[in-house]
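**Student:** When we follow numbering that gives the first Met the number 0, the leftmost residue of the sequence shown carries the number 0, and every step to the right adds one. Quick reminder that beta carbons are idealized off the backbone N, C-alpha and C, glycines included.
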Amino acid sequence: MNLLEYQAKELLKKYNVPVQEGFACKTVHEAEEAYRQIKNESGSSFAVINAHIHAGGRGKGTAKKSLAFQFIAAACL
0 MNLLEYQAKE
10 LLKKYNVPVQ
20 EGFACKTVHE
30 AEEAYRQIKN
40 ESGSSFAVIN
50 AHIHAGGRGK
60 GTAKKSLAFQ
70 FIAAACL
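#1: Could you check what DSSP says for A7 in three-state terms: helix, strand or coil?
#2: Hey, quick one: how far does the beta strand (DSSP E) through N49 stretch, first residue to last?
#3: From the DSSP output, in three-state form, read off K38 for me.
#4: I'd like to check one pair, V18 with L11: are the Cβ atoms closer than 7 Å?
#5: Should A33 be labelled buried (16 or more other beta-carbon atoms within 10 Å of its own) or exposed?
Next comes the structure, spelled out in structure tokens:
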């Protein structure tokens with residue numbers, strides 16, 4: 000079975016597995032706002048940044064602090 004990320008999330012939700020919502024961001028500022036919202040809703044300062052593009056070599060990273068999140072988001076955007 001080969002699922003895309005959004006398909007996997009839909010499947011998990013169907014079986015009541017908690018899934019964190021994602022955000023599409025075009026700027027570092029939008030990414031920072033999304034990070035704040037995730038942090039406020041989940042109570043966790045841990046976030047994953049995942050850049051989706053139509054070719055190989057997408058960027059991604061994890062961050063536990065706001066400054067690290069901004070740095071990774073800037074590199075991905």
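**Tutor:** In short, the structure shows the following:
#1: For A7, the secondary structure class from DSSP, reduced to helix, strand or coil, is helix.
#2: For N49, the uninterrupted beta strand (DSSP E) segment begins and ends at 46-49.
#3: In this structure, DSSP gives K38 a helical state, which the three-state scheme calls helix.
#4: Less than 7 Å separates the beta-carbon of L11 from that of V18.
#5: When all chains shown are included, A33 counts as buried.
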